[in-house]
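For the sequence shown, our numbering begins at 1212 and goes up steadily by one.
Contents: one structure, followed by commentary.
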Amino acid sequence: MTDPKSAPALSADVMTLAGELGAERSKPGWSTFSLAINDDQREIRDWTHAFAADVIRPAASEWDEREETPWPIIQEAAKIGLYGLDMNVNLFVDPTGLLMPLVHEELFWGDAGIAMSLKGTGLASSAIFSNGTPEQWSQWMGRCYGTADDVRVAAFCSSEPGAGSDVSAIRTRATYDSVTNEWVINGQKAWATNGGIADIHVVVATVDPSLGTKGQAAFVVPKSEVRGLEMGTKLRKHGLRASHTADVFFDNVRIPAENVLGGKEKLDARLARAREAAGQRARVPAAGQQVRNASMATFEMTRHLVGAQAIGIARAAYEVALEYAKTREQFGRPIIDNQGIAFKLADMALEIDAARLLVWRAANMSSALMRGETPDYQHGEGSMAKLKAGEVAVKVTEEAIQILGGNGYTREYPVERMHRDAKIYTIFEGTSEIQRLVIARAISGMRIR
Ligand SMILES: Cc1cc2nc3c(=O)[nH]c(=O)nc-3n(C[C@H](O)[C@H](O)[C@H](O)COP(=O)(O)OP(=O)(O)OC[C@H]3O[C@@H](n4cnc5c(N)ncnc54)[C@H](O)[C@@H]3O)c2cc1C
1212 MTDPKSAPAL SADVMTLAGE LGAERSKPGW STFSLAINDD QREIRDWTHA FAADVIRPAA
1272 SEWDEREETP WPIIQEAAKI GLYGLDMNVN LFVDPTGLLM PLVHEELFWG DAGIAMSLKG
1332 TGLASSAIFS NGTPEQWSQW MGRCYGTADD VRVAAFCSSE PGAGSDVSAI RTRATYDSVT
1392 NEWVINGQKA WATNGGIADI HVVVATVDPS LGTKGQAAFV VPKSEVRGLE MGTKLRKHGL
1452 RASHTADVFF DNVRIPAENV LGGKEKLDAR LARAREAAGQ RARVPAAGQQ VRNASMATFE
1512 MTRHLVGAQA IGIARAAYEV ALEYAKTREQ FGRPIIDNQG IAFKLADMAL EIDAARLLVW
1572 RAANMSSALM RGETPDYQHG EGSMAKLKAG EVAVKVTEEA IQILGGNGYT REYPVERMHR
1632 DAKIYTIFEG TSEIQRLVIA RAISGMRIR
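So, in C-alpha cells, the structure goes:
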C-alpha cells in the first residue's frame, strides 16, 4: 500500500480536460443533444459493455453469494482506465451529459452489486465537486479512487438512523475548535456505501442545529489520517450484495479546518446569512430553484445517474426474459407465441425506453447545472427520471421472473438477483415517495407534505 498522502491529486490530463470543459462552454449549441449518440459516445459505451459482458456478468453470482466488495474487479477496471477520476472527468466533459448515463447503464446491465462497487465512490467525489473549491478538487478527488496499483473507494455519509428521507434531522455534529483550528466530528452515520472500508469519507454534519439543513456542511474525513472513525455493523442486504454498506461512527474525530467543503470563510458567511434570515416565515422554493444544502446538492447532480443504473438492471432482465420466452415451449409452442407473454415483453421494452428518455433529459439538464447555467427545471425532472426508472426496474424484473416461471424464482437464473437488486432503486437517493413529493412541489409551487 502506498502512503495515501502521496496518492495523486488531479493529474495534469484531468486539469487539461477541465480546461477543455471551460472552452466547450462558450460554444453555441452546448446544451442541445441528439438522441442519436455520436461515434465517441458509441465507442465508450461499447467498450464499457464489453467489460460488463466479459468481466462483470460472469462474476455476478459469485460476488452476490460472497457478499463482499469485488476488489479484483475494481482493480481490473482501474487497470484499463474504466475506474478512476480521469475516466469520470472524461465522461463529465461530454457536453450532452449522455456519456455518464450510457456508461452507468452498461455497467449495471453487467451486474448491479459489482457495478455499485465501481460507482459508489462517485457519490463522494460528486459531493466534493459540487460543494468544494478547485483546490479541494485537486486535493481530494484523486484520492477517492486511488491509483491503478492501489485502488481506493470513497464513502458519502449523509443518512443516519434517525435521518433518512429527512436530512434536516441529521444529528452528527461538527464543532469548530479555534485553539487547534480543527473541526471535531461526533455522531453515527447509517447505510453508508463503502462506509468504513473507504479512505475518504465525505460526511454531512450540522454546525448549527438551530438552522436545520442550512446549518449543515460537508466535511472530508480521510480515515487513514484520523482517530475515532470506526466502521459499525456491515449490513446483510436483500440485494446489491457485492456492494459494501455499513454504519460509521465518529468519536471526537479531528480534521483540519480547511476540510470543510467550500472553505470555512464561505461557510461562516452562509451561516451568518441563514441566522439573519432565521425567524422569517419559511418560504417554499419556487419550481426550479436550486436546493443548496450539502446533501441535496449532491443528490441533484447524481439522481438521473441512479435512474440510468436502474435501467441497466431492467434491460438485463428484459433481455433474459425475451430470450427465454422465445425458446421455452409449453403446449407445443414457444411461450412468446401467447399474447399474455408477448404483451408483457412489449410493455417491458416500452417502459425501459420511456425511462431512458427521462434519464437522458435530466442528464442534459444536469450537465447545464454543472456548468453554472440555470436549466429550466419545471417539474422536478431529475426526480422524475429517478422515480420512473426505479419503478420500471422493479416491475420489469418482477415480470422477468414471471416469464421464467419456476426457473425465474431460483438462483440458477439471474433474474431473481436482478429483482433483489432493483428494489433498492425505490429506496435510496430519495425514496419513490420523496421523489413524488419533489415533483408535486415543483408542479404546484405549494408546500405539499
Ligand atoms: C443499500 C443502501 C445503500 C445506501 N447508501 C447510502 C450512502 O452511500 N449514503 C447515505 O447517506 N445513505 C445511503 N443509504 C440510505 C438511504 O439513502 C436511505 O435509506 C433512504 O434515504 C431512505 O431513508 P430511510 O431508510 O430512513 O427511510 P425513511 O425516511 O424512514 O422512510 C420510510 C418510509 O416512509 C416514507 N416517507 C418518509 N417521509 C415521507 C413523506 N414526507 N411523505 C411520504 N412518505 C414518506 C418513505 O418513502 C419510506 O417509504 C443507503 C441505503 C441502502 C439500503
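Even for Gly, the Cβ is constructed at its ideal location relative to N, Cα and C.
Since the structure is predicted, the reported quantities are computational estimates derived from the model, not experimental observations.
For this session: Over the uninterrupted alpha helix (DSSP H) stretch that includes Pro1372, give me the two end residues.
Result: Run containing Pro1372: none; DSSP gives neither H nor E here.
Exercise. Within 6 Å: the Cβ of Ser1376 and any heavy atom of ligand 1?
Worked result: yes
Exercise. Relative to the alpha-carbon of Ala1633, which residue among Asp1251, Gln1252, Met1327, Arg1652 has its alpha-carbon at the smallest distance?
Worked result: Met1327
Exercise. If you draw a straight line from the alpha carbon of Thr1344 to that of Val1517, how long is it in whole angstroms?
Worked result: 25 Å
Problem set entry | Cβ-based neighbour list, Val1607, same chain, cut-off 6 Å, excluding 5 preceding and 5 following | Ala1525, Ala1528, Tyr1529, Met1559
Exercise. Ends of the beta strand (DSSP E) at Gln1550?
Worked result: Per DSSP, Gln1550 belongs to no beta strand (DSSP E); it is in the alpha helix (DSSP H), 1550 to 1581.
For this session: Decide yes or no for the touch test of the stretch 1600 to 1617 against the stretch 1559 to 1572: beta carbon pairs closer than 8 Å, at least 3 of them.
Result: yes
Problem set entry | Residue of Arg1658, Trp1274, Arg1256 minimising C-alpha distance to Gly1450 | Trp1274
For this session: Please indicate yes or no: does the CB of Ala1633 lie closer than 6 Å to some heavy atom of ligand 1?
Result: no
For this session: Could you spell out where the beta strand (DSSP E) holding Trp1402 opens and where it closes?
Result: 1393 to 1404
Problem set entry | Assigned exposure category for Arg1484 - 16 Cβ within 10 Å defines buried | exposed
Exercise. From Arg1486 to Leu1422, what does the alpha carbon distance come to, in whole angstroms?
Worked result: 7 Å
Exercise. Cβ of Ala1403 versus every heavy atom of ligand 1: is any distance shorter than 6 Å?
Worked result: yes
Exercise. Residue range of the beta strand (DSSP E) that Ala1440 falls in?
Worked result: Note that residue 1440 corresponds to Leu in the displayed sequence, not to Ala. Residues 1440 to 1445.
Exercise. From which residue to which residue does the alpha helix (DSSP H) around Thr1259 run?
Worked result: 1250 to 1262
Problem set entry | Alpha-carbon spacing of Pro1372 relative to Ala1380, whole angstroms | 10 Å
Exercise. Do the stretch 1541 to 1559 and the stretch 1633 to 1646 meet, that is, are 3 or more Cβ pairs less than 8 Å apart?
Worked result: no
Exercise. So what's Val1390 in DSSP terms, helix, strand or just coil?
Worked result: coil
Exercise. Where does Gly1321 sit, in a helix, a strand or coil, going by DSSP?
Worked result: helix
For this session: Going by DSSP, name the residue or residues bridged to Val1415.
Result: Ala1429
For this session: Determine the direct distance from the alpha carbon of Asn1618 to that of Tyr1624, and round the result to whole angstroms.
Result: 6 Å
Exercise. Should Glu1393 be listed as close to ligand 2, given that the test is whether its C-beta is under 6 Å from any heavy atom?
Worked result: Ligand 2 is not part of the structure shown, which contains ligand 1 as its ligands.
Exercise. Based on the DSSP output, what are the partners of Thr1456 in its beta bridges?
Worked result: Thr1404
Exercise. Who pairs with Gln1286 in a beta bridge, going by DSSP?
Worked result: Answer is none; Gln1286 lacks a bridge partner.
Exercise. For Gln1541, which residues does DSSP report across the bridge?
Worked result: Arg1544
Problem set entry | the stretch 1242 to 1260 in contact with the stretch 1299 to 1315 per 3-pair CB rule at 8 Å | yes
Problem set entry | Residue nearest to Thr1456 in terms of C-alpha spacing, selected from Pro1467, Ile1466, Thr1444 | Thr1444
For this session: Report the rounded CA-to-CA distance for Ser1176 versus Arg1660, giving the unit in angstroms.
Result: No information on residue 1176 is available, as it lies outside the stretch 1212 to 1660 that the chain covers here.
For this session: Enumerate in chain order the residues of its own chain whose CB-to-CB distance from Lys1448 is below 7 Å, with the five nearest sequence positions on each side excluded.
Result: Thr1456
Problem set entry | is_contact[Gly1450, chain B] using C-beta, thresh 7 Å | The displayed structure is made up of one protein chain only, and chain B is not part of it.
Exercise. To the nearest angstrom, how far is it from the Cα of Gly1357 to the Cα of Val1364?
Worked result: 8 Å
For this session: May I ask whether a heavy atom of ligand 1 can be found less than 6 Å away from the beta carbon of Glu1644?
Result: yes
Exercise. Is Gly1324 closer than 7 Å to Ala1403 when the C-beta atoms are compared?
Worked result: no
Exercise. Mapping DSSP to helix, strand and coil, what is Ala1409?
Worked result: coil
For this session: Check whether the Cβ of Phe1367 sits closer than 6 Å to any heavy atom of ligand 1, and report yes or no.
Result: yes
Exercise. Between the Cα of Ser1272 and the Cα atoms of Val1626, Phe1639, Thr1513, which residue gives the shortest distance?
Worked result: Val1626
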